[in-house]
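All remarks here apply to the structure that follows.
Number of protein chains: 2
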Amino acid sequence: MKKKLTKREEDYSKWYNELVVKAGLAENSFVRGCMVIKPYGYAIWEKMQAQLDIMFKETGHQNAYFPLFVPKSLFEAEEKNAKGFAKECAIVTHYRLKSDPENSGKLIVDKSSKLEEELIVRPTSEAIIWSTYKKWIQSYRDLPILINQWANVVRWEMRPRLFLRTVEFLWQEGHTAHSTKDEAVDEAILMNDIYAEFAENFMGIPVIKGIKSESEKFAGAEETYCIEALMQDGKALQAGTSHFLGQNFAKAFDVKFTNKEGSLDFVWATSWGVSTRLMGALIMTHSDDNGLVLPPKLAPIQVVIIPIYKSDEEFNSISSVLEPILSKLKSKGISVLFDKRDTHKPGFKFNEHEMKGVPIRIAIGPKDLENSTLEIFRRDKMEKKTISIDDVFSKIDFLINDIQTNLFDKAKLFTNSNIREANTFDEFKSIIKNNGGFVSAHWDGTTETEEKIKRETKATIRCIPLNNSKEDGKCIFSNKSSNQRVLFAKAY
Amino acid sequence: MKKKLTKREEDYSKWYNELVVKAGLAENSFVRGCMVIKPYGYAIWEKMQAQLDIMFKETGHQNAYFPLFVPKSLFEAEEKNAKGFAKECAIVTHYRLKSDPENSGKLIVDKSSKLEEELIVRPTSEAIIWSTYKKWIQSYRDLPILINQWANVVRWEMRPRLFLRTVEFLWQEGHTAHSTKDEAVDEAILMNDIYAEFAENFMGIPVIKGIKSESEKFAGAEETYCIEALMQDGKALQAGTSHFLGQNFAKAFDVKFTNKEGSLDFVWATSWGVSTRLMGALIMTHSDDNGLVLPPKLAPIQVVIIPIYKSDEEFNSISSVLEPILSKLKSKGISVLFDKRDTHKPGFKFNEHEMKGVPIRIAIGPKDLENSTLEIFRRDKMEKKTISIDDVFSKIDFLINDIQTNLFDKAKLFTNSNIREANTFDEFKSIIKNNGGFVSAHWDGTTETEEKIKRETKATIRCIPLNNSKEDGKCIFSNKSSNQRVLFAKAY
């Protein structure tokens with residue numbers, strides 16, 4: 046923990062990159078665009094996974110696993126989807142290496158192992174899953190199918206950034222099959238709601254629920270629902286999407302079912318996903334110039350205890366006072382680390398756990414023992430206080446809830462105060478340039494206008510909010526009539 | 046559940062393949078050698094993962110995630126390891142598809158997207174991980190590193206079989222780094238012990254702990270520890286391996302550390318893994334001609350309750366009696382399914398849950414209500430009994446333990462009675478041919494003899510048991526002197 050972080054206002058992007066590495070979350074690997082998720086970063090991801098998995102199962106979903114590879118002929122079956130991903134696919138063409146006759150100890154691709162049909166490393170699994178569902182679905186009795194998969198996917202990103210945009214990333218992808226359109230639409234909305242609930246109640250990230258414009262929606266979807274969050278630099282981040290796929294994949298893979306009336310119909314579909322990108326959102330929403338700030342519900346370590354001592358005797362006295370506290374905290378399900386490393390000084394430990402965003406820090410030394418006190422520190426507000434040892438459990442209970450609430454409230458205030466209305470294109474450009482954040486503006490509904498606004502300002506339509514009130518107005522760009530405002534922003 | 050399973054004694058291999066599909070565990074996909082793990086099969090795997098993960102964390106390991114791809118230059122760095130996997134590698138050579146000018150709507154590989162260096166889809170992750178550890182390790186203070194990863198890997202198997210040998214499979218791979226040889230050896234032994242404990246206490250599979258002969262050990266290892274189990278057809282199955290890697294990978298990737306005395310030394314390593322292959326072992330150890338048999342500790346559904354009724358009124362009476370039973374079972378952490386589907390008859394449900402190996406089945410009808418009884422059935426022994434409703438909790442508690450124990454005891458008896466000593470090669474061949482199972486025999490310790498025995502009998506050395514007592518004797522094949530017996534068997 047030698048060097049300080051770059052400050053956010055100096056260079057937000059540099060601050061983020063340094064923070065991810067210094068907090069021990071992830072780092073770049075030797076494979077272009079692929080990251081190594083380090084143990085501390087992975088522990089946060091595991092907490093997110095565990096909670097999402099509970100929420101998926103509570104709503105009737107089951108996990109399963111489908112192949113990593115998609116044969117090219119299946120991949121290209123749904124044309125829009127295929128076109129959307131074709132330019133960023135890792136392609137397996139051979140299955141054997143052999144010794145290089147010209148370079149002892151080196152290997153070369155064995156040309157004789159060329160595959161008859163190339164395999165695409167899945168960028169998403171609709172194709173492989175719907176070709177499988179065809180075998181599983183004959184009648185309405187086989188529906189709905191409510192399946193989720195935790196998996197790695199690969200998209201050949203040209204400008205990778207840790208967590209936010211990586212060539213390989215981890216995610217979950219739900220793929221459901223339904224007998225009616227309404228049921229599929231309801232499912233897509235339900236899962237978007239679950240993402241919103243998870244983002245707000247666990248990650249402490251306020252989100253806006255909406256639908257995507259034509260040009261921003263998922264390749265192959267009829268409608269894409271999304272949750273959008275605002276980062277501290279005023280850029281938006283798409284935190285999760287849920288797609289109503291209509292009958293597009295059922296038609297591409299010929300998946301029909303006999304309905305209750307005995308006639309054949311194509312199956313209705315949804316898919317939905319969140320990824321390790323959420324880690325980027327979590328980091329950028331709460332963290333500060335001292336490092337990571339974590340909501341207690343997702344913190345791998347909720348409380349760290351640092352003993353301050355000079356002699357073995359002092360250490361032993363402190364330890365014996367701490368033992369019952371540690372075991373009671375553990376029994377209450379609070380994850381606590383007693384940092385008794387003798388290789389590092391307290392100051393180093395303070396900085397390290399601040400950088401890693403441990404929500405609560407307790408320090409205790411010989412003077413505290415005399416007074417039956419300890420020092421308790423909350424990471425979110427960087428505030429410390431000396432309290433009586435007797436109050437430690439109630440104080441920790443209070444802080445775990447209060448930090449969680451405070452982080453959400455703070456982020457909510459920030460988001461709310463960064464949604465600005467623009468009624469002319471000049472106003473729009475000025476807000477995007479000077480303030481950032483979301484701009485709420487009228488739009489004529491055409492892809493052409495959206496494209497032109499993007500070219501001129503780099504802002505895109507993040508979503509058409511679901512809770513939008515109708516309002517007559519004129520498109521800020523084309524002056525054509527519009528009946529609702531949509532949210533624009535520059536985005537990750 | 047129309048057709049019955051092929052019987053084990055008729056065709057064991059066919060029985061296995063049918064069972065995996067009929068019990069809804071997995072099926073072949075459209076990608077050669079890759080399987081789809083269906084929700085019920087995946088739910089068993091999740092239970093296995095959860096328990097192993099607890100055991101890894103209790104012994105100080107943390108999870109992390111490393112890239113799917115290994116650049117060829119890293120892959121080939123440790124020569125033995127590279128040579129061991131070169132012939133079964135999926136190789137990514139391009140990163141973009143484009144429209145086929147000659148075939149509207151079809152895609153072809155864009156030749157201009159050829160990678161400068163090919164990427165190998167990881168068959169195992171030593172190379173990518175040790176190239177990363179080089180960045181993490183400078184001093185003895187950075188050691189040990191105790192990391193595990195849950196991941197998918199790809200090995201281009203020529204004769205794939207569901208769970209047992211698939212091109213893509215799911216596994217965990219531990220990769221640890223240590224400052225001394227002793228510590229690394231202890232780690233390798235510890236993890237093999239954990240695998241044994243998991244296999245025996247959770248999967249109900251008795252195993253023999255041992256070390257591999259030179260020709261069977263992991264490519265790049267100094268020593269491979271393993272657990273070997275015996276399937277019902279008398280073939281052995283390697284259920285887990287733990288490797289002491291010496292300094293081989295540290296040397297290949299130049300990973301040195303400063304020890305306490307201030308001098309530089311290469312780091313010592315282990316790696317260890319179990320995979321979805323364990324699902325094959327679980328199925329083949331316990332199941333019977335009626336379908337899957339599951340140990341209660343790994344059963345996604347431990348108790349299924351089937352109502353038997355003719356009218357809605359009867360159903361309602363049964364339901365109201367069951368409600369408190371269901372909620373009490375759930376509160377005790379027992380996973381219970383009330384199968385109230387009105388689309389299927391009780392007989393169908395009985396067969397289905399037998400096929401799926403649900404350990405305990407309860408059936409309850411109007412007559413039971415009158416008598417305050419219910420019928421309880423244990424899948425392992427196919428025994429049913431009518432008991433008083435008041436006894437249901439104590440009976441279920443008893444059965445959950447008794448079935449778990451019974452399955453292990455039965456398998457243990459089978460394994461023990463199928464370890465036979467051979468003192469001549471004729472005896473050896475006769476046992477392999479007529480009995481199967483393990484043959485305990487003297488061996489001269491050479492790869493040459495092992496190879497010849499394999500060629501003649503298809504039996505290989507499964508392991509040199511760790512608890513072996515020394516015994517002077519003559520190699521059954523070469524007649525050379527030997528000081529211990531090793532275990533041979535035909536194997537999966």
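In order, the protein sequences belong to chains W and B.
Position 156, counted from 1, in the first sequence is what the working numbering calls 201; the numbers after and before it change by one each time, with no gaps.
Position 209, counted from 1, in the second sequence is what the working numbering calls 254; the numbers after and before it change by one each time, with no gaps.
Quick reminder that beta carbons are idealized off the backbone N, C-alpha and C, glycines included.
A quick note: this is a predicted structure, and the numbers were derived from the prediction, not measured.
Under the three-state DSSP convention, the category E501(W) falls into: Of the three classes helix, strand and coil, the one that applies to E501(W) here is helix, per DSSP.
Proximity of H288(W) and A274(W) at Cβ, strictly below 8 Å: No, these two residues do not count as a Cβ contact at 8 Å.
Same chain, Cβ closer than 7 Å to T418(B), neighbours up to 5 away in sequence not counted: Excluding positions up to five away in sequence, the list reads T431, I432, S433, I434.
Euclidean distance between Cα positions of S459(W) and D98(W): Per the sequence shown, the amino acid found at residue 459(W) is Phe instead of Ser. About 29 Å.
Limits of the alpha helix (DSSP H) - the one that A172(W) falls within: First-last of the alpha helix (DSSP H) with A172(W): 171-181.
Whole-angstrom distance between S439(W) and K10(W), CA atom to CA atom: As shown, chain W starts at 46 and ends at 537. That puts residue 10(W) outside it, with no answer to give.
Sufficient close CB pairs (3 or more, under 8 Å) joining the stretch 310-318 of chain B to the stretch 219-235 of chain B: Output reads yes: the stretch 219-235 of chain B touches the stretch 310-318 of chain B.
Length of the line joining the Cα atoms of D384(B) and K83(B): Distance between the alpha carbons of D384(B) and K83(B) is about 20 Å.
Helix, strand or coil at M80(W) [DSSP, three-state]: M80(W) falls in the strand class under three-state DSSP.
CB contact flag (L367(W), I136(B), <8 Å): Against a cut-off of 8 Å, the Cβ pair of I136(B) and L367(W) comes out as no contact.
Cβ shell of E496(B) (< 8 Å), same chain only, five flanking positions each side left out: Taken in chain order, the residues that qualify are S260.
V349(W) vs R406(W) beta-carbon contact at 8 Å: Cβ atoms of V349(W) and R406(W): closer than 8 Å.
Cα-Cα separation between Q194(W) and L50(B), rounded to whole angstroms: Taking C-alpha positions only, Q194(W) is separated from L50(B) by approximately 30 Å.
Proximal residues of chain W, C-beta to C-beta of W201(B) below 9 Å: The contacting residues are Y140, R141, S158.
Exposure of F483(B), with buried meaning 16 or more beta-carbon neighbours within 10 Å: Buried, since its Cβ has 16 or more Cβ neighbours within 10 Å.
Separation of K503(W) from S523(W), as counted between CA atoms: Whole-angstrom Cα-Cα distance: 17 Å.
Residue range of the alpha helix (DSSP H) that includes S58(B): Counted as a single uninterrupted DSSP element, the alpha helix (DSSP H) harbouring S58(B) occupies residues 57-67.
Among L215(B), A88(B), R206(B), the one whose alpha carbon lies nearest that of P112(W): Comparing Cα positions, the closest option is L215(B).
Inter-residue spacing [alpha-carbon to alpha-carbon] between R500(B) and E63(W): So the alpha carbons of these two residues sit roughly 58 Å apart.
Spatially closest choice to F75(B) from D238(W), K117(W), R424(W), by CA coordinates: If we check each option's Cα against that of F75(B), K117(W) comes out closest.
Whole-number beta carbon distance between R423(W) and I448(W), since they are thought to touch under 8 Å: Yes, they are in contact, since the Cβ atoms of I448(W) and R423(W) sit about 6 Å apart, within 8 Å.
Between the CA atoms of L414(W) and I363(W) - distance to the nearest angstrom: Between the alpha carbons of I363(W) and L414(W) lies a distance of about 7 Å.
Identified DSSP bridge partners for W201(W): DSSP, once it has assigned bridges, lists no residue as partnering W201(W).
Beta carbon proximity, S74(B) to chain W, threshold 8 Å: Residue-level contact by beta carbon holds for S74(B) and chain W, with a gap shorter than 8 Å.
Any chain B beta carbon closer than 8 Å to F111(W): For F111(W), the nearest beta carbon of chain B is closer than 8 Å to its own beta carbon.
C-beta neighbour in chain B for N197(W), strict 8 Å: Yes, N197(W) lies at the interface with chain B (some Cβ there is under 8 Å from its Cβ).
Per DSSP, cross-strand counterpart(s) of L309(W): Per DSSP, the beta bridge partners of L309(W) are T303(W).
Where A95(W) falls, given that 16 or more other Cβ within 10 Å makes a residue buried: With fewer than 16 other Cβ atoms inside 10 Å of its own Cβ, A95(W) counts as exposed.
In chain order, each beta strand (DSSP E) run of at least 3 residues that lies wholly inside the stretch 330-404 of chain B: As far as the stretch 330-404 of chain B is concerned, its whole beta strand (DSSP E) runs of at least 3 residues are 348-352, 381-383.
Of the residues T505(B), N126(B), E268(B), the one placed nearest A297(B), counting alpha carbons only: A297(B) has its Cα closest to that of N126(B), out of T505(B), N126(B), E268(B).
Alpha-carbon to alpha-carbon, G255(W) and G105(W): Approximately 24 Å, taken between the alpha carbons.
Distance between Y537(W) and M46(W) (C-alpha atoms, nearest Å): The predicted model places M46(W) with a pLDDT of 48, which falls under 50 and marks its position as unreliable; any figure quoted below should be read in that light. Each residue's Cα considered, the two are about 29 Å apart.
8 Å Cβ cutoff met for G249(B) and G336(B): Inclusion of G249(B) and G336(B) in the CB contact set at 8 Å is not warranted, their separation being larger than that value.
Extent of the continuous alpha helix (DSSP H) to which A295(B) belongs: Element bounds for A295(B): 293-297.
Beta-carbon contacts of P205(W) that lie in its chain and below 7 Å, excluding the five residues immediately before and after: G78, T211, V212.
Against chain B: residues of the stretch 219-247 of chain W by CB proximity under 8 Å: The stretch 219-247 of chain W vs chain B, Cβ under 8 Å: nothing.
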